[in-house]
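Novice: Questions regarding the structure given below will be posed in turn.
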Amino acid sequence: MKQPFSPNIEPRHLQFTLAQNPDKYWHSGSDVKTYHFNALAIFLPQLEKMLVLSLKKGLRDVTCPTLRAEVASLVAQEAIHGRAFHRYSEQLVFQYYDCPKQYSLWFFRGLAGILNKISNTFHYALSAAGEHFTAIAADLFLRDPQWFEQVPAEHSAIWRWHCIEEIEHKSVAFDVYQSVNGNYFMRILGMLVMSLFFILLYIKPIWFMMKQDNKHKSRSFYQRALQYYWGKKGLVRALWKPYCAYFKPSFHPSKQQNEYLITQWKAYFNSHSKEQISQGLQQAKPPICEL
Numbered sequence: 010m011k012q013p014f015s016p017n018i019e020p021r022h023l024q025f026t027l028a029q030n031p032d033k034y035w036h037s038g039s040d041v042k043t044y045h046f047n048a049l050a051i052f053l054p055q056l057e058k059m060l061v062l063s064l065k066k067g068l069r070d071v072t073c074p075t076l077r078a079e080v081a082s083l084v085a086q087e088a089i090h091g092r093a094f095h096r097y098s099e100q101l102v103f104q105y106y107d108c109p110k111q112y113s114l115w116f117f118r119g120l121a122g123i124l125n126k127i128s129n130t131f132h133y134a135l136s137a138a139g140e141h142f143t144a145i146a147a148d149l150f151l152r153d154p155q156w157f158e159q160v161p162a163e164h165s166a167i168w169r170w171h172c173i174e175e176i177e178h179k180s181v182a183f184d185v186y187q188s189v190n191g192n193y194f195m196r197i198l199g200m201l202v203m204s205l206f207f208i209l210l211y212i213k214p215i216w217f218m219m220k221q222d223n224k225h226k227s228r229s230f231y232q233r234a235l236q237y238y239w240g241k242k243g244l245v246r247a248l249w250k251p252y253c254a255y256f257k258p259s260f261h262p263s264k265q266q267n268e269y270l271i272t273q274w275k276a277y278f279n280s281h282s283k284e285q286i287s288q289g290l291q292q293a294k295p296p297i298c299e300l
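For the sequence shown, this note's numbering assigns the number 300 to the last residue and increments by one with no breaks.
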């Protein structure tokens with residue numbers, strides 16, 4: 010019998026269409042910003058696969074009916090995300106760059122081999138850590154519109170949709186880890202290992218793109234990157250505090266009070282057609298402001 014979905018976490022099959030010949034530096038004409046989101050698009054399908062593999066195991070270990078339904082919903086959402094970002098990177102990134110695609114395939118084969126050798130509990134610890142990364146980034150991108158200023162509407166739509174659903178299921182992997190009596194030490198070890206994974210996953214495709222564009226020798230590129238990540242409103246500086254919150258013994262994802270960011274969106278999703286939702290996600294001023 011198929012595990013039913015949770016009514017609070019809904020897998021949504023939406024269609025996103027990109028321009029036939031998108032600009033190479035599609036994010037506000039910036040190489041640094043474009044590389045950042047391209048790198049995320051390249052490795053997100055692999056991360057989603059890891060989470061799906063992990064939490065399918067969770068369906069065997071979790072007995073609580075409510076949590077099982079949430080796991081089934083998360084697995085369905087992540088599978089949809091993985092396919093969406095695979096298409097996204099195929100249309101957007103790989104028509105300009107060759108190496109990241111090879112790297113992406115290499116990574117997943119290696120990761121699948123590693124995951125088969127570790128305990129289920131540590132697997133869940135890695136998944137909880139990975140979900141924390143995506144949840145805090147989603148919170149930042151939805152909360153502050155500066156991250157998608159001067160971005161084509163079709164791009165902001167897919168990222169906004171992804172952020173909404175990441176916040177929607179932000180607690181599930183963590184709850185699975187707790188349900189199997191995962192301890193604090195293993196949770197922190199999982200975060201440290203996942204942090205290393207994220208750095209490698211993120212930096213390598215950026216380096217490939219930099220080299221192919223001959224940016225790796227550009228001093229001005231590094232100056233712009235430093236400002237983007239570590240400037241007054243830089244990405245790393247904005248994410249550092251919520252990242253560190255994970256290391257508190259009392260941490261739980263639900264303590265990040267951001268449900269209001271998605272409550273109105275979910276009401277909009279439930280009262281409009283798929284076509285209207287896709288159009289609404291593309292608007293510079295989200296239609297939820299009108300509800």
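Every residue, glycine too, gets a C-beta built ideally from N, C-alpha and C.
Would you mind reading off the limits of the alpha helix (DSSP H) that contains asparagine 279?
Specialist: Here residue 279 refers to the residue found at position 270 when the sequence shown is read from its first residue. Counting along the chain, the alpha helix (DSSP H) containing asparagine 279 begins and ends at 269–279.
Novice: Could you give the DSSP three-state label for serine 204: helix, strand or coil?
Specialist: For the purposes of this step, residue 204 is identified with residue 195 of the sequence shown, where counting begins at 1. Helix at serine 204.
Novice: Which residue comes first and which comes last in the alpha helix (DSSP H) that contains cysteine 172?
Specialist: Reading the sequence shown from its first residue, position 163 is the one you call residue 172. It spans 162–177 - the alpha helix (DSSP H) in which cysteine 172 sits, taken as one unbroken run.
Novice: In whole angstroms, what separates the C-alpha of glutamine 232 from that of isoleucine 215?
Specialist: Locating residue 232 in the sequence shown gives position 223, where the first residue counts as 1. Locating residue 215 in the sequence shown gives position 206, where the first residue counts as 1. Approximately 15 angstroms between the Cα atoms of the pair.
Novice: Determine the direct distance from the alpha carbon of alanine 48 to that of leucine 56, and round the result to whole angstroms.
Specialist: Taking the first residue of the sequence shown as position 1, residue 56 is located at position 47. Taking the first residue of the sequence shown as position 1, residue 48 is located at position 39. Here the alpha carbons of alanine 48 and leucine 56 stand approximately 12 angstroms from one another.
Novice: Pull up the distance between the alpha-carbon of serine 259 and that of arginine 196, whole angstroms please.
Specialist: In the sequence shown, counting from the first residue as 1, residue 259 sits at position 250. In the sequence shown, counting from the first residue as 1, residue 196 sits at position 187. Separation of serine 259 and arginine 196 (C-alpha to C-alpha, rounded to the nearest whole angstrom) is 12 angstroms.
Novice: Whole angstroms are fine: how far does the CA of aspartate 40 sit from the CA of alanine 182?
Specialist: Mapped onto the sequence shown, residue 182 falls at position 173. Mapped onto the sequence shown, residue 40 falls at position 31. For alanine 182 and aspartate 40, the distance between alpha carbons rounds to 34 angstroms.
Novice: Alpha carbons only, please: which of Tyr186, Lys213, Asn190, Ala247 is nearest the one belonging to methionine 200?
Specialist: As a position in the sequence shown, residue 200 is number 191, starting the count at 1. Of Tyr186, Lys213, Asn190, Ala247, the residue nearest in Cα terms is Tyr186.
Novice: Measuring CA to CA, which of Ala28, Lys250, Asn192 is closest to proline 161?
Specialist: Within the sequence shown, residue 161 is the residue found at index 152, counting from 1. That would be Ala28, whose Cα lies nearest to the Cα of proline 161.
Novice: Between which two residues does the alpha helix (DSSP H) holding tyrosine 186 run?
Specialist: Looking up residue 186 in the sequence shown gives position 177. First-last of the alpha helix (DSSP H) with tyrosine 186: 181–188.
Novice: Output the distance between the C-alpha atoms of alanine 148 and alanine 85, rounded to the nearest integer angstrom.
Specialist: Counting from 1 along the sequence shown, the entry for residue 148 is found at position 139. Counting from 1 along the sequence shown, the entry for residue 85 is found at position 76. Residue identity differs from the one stated: residue 148 is aspartate in this sequence, not alanine. C-alpha separation (whole angstroms): 21 angstroms.
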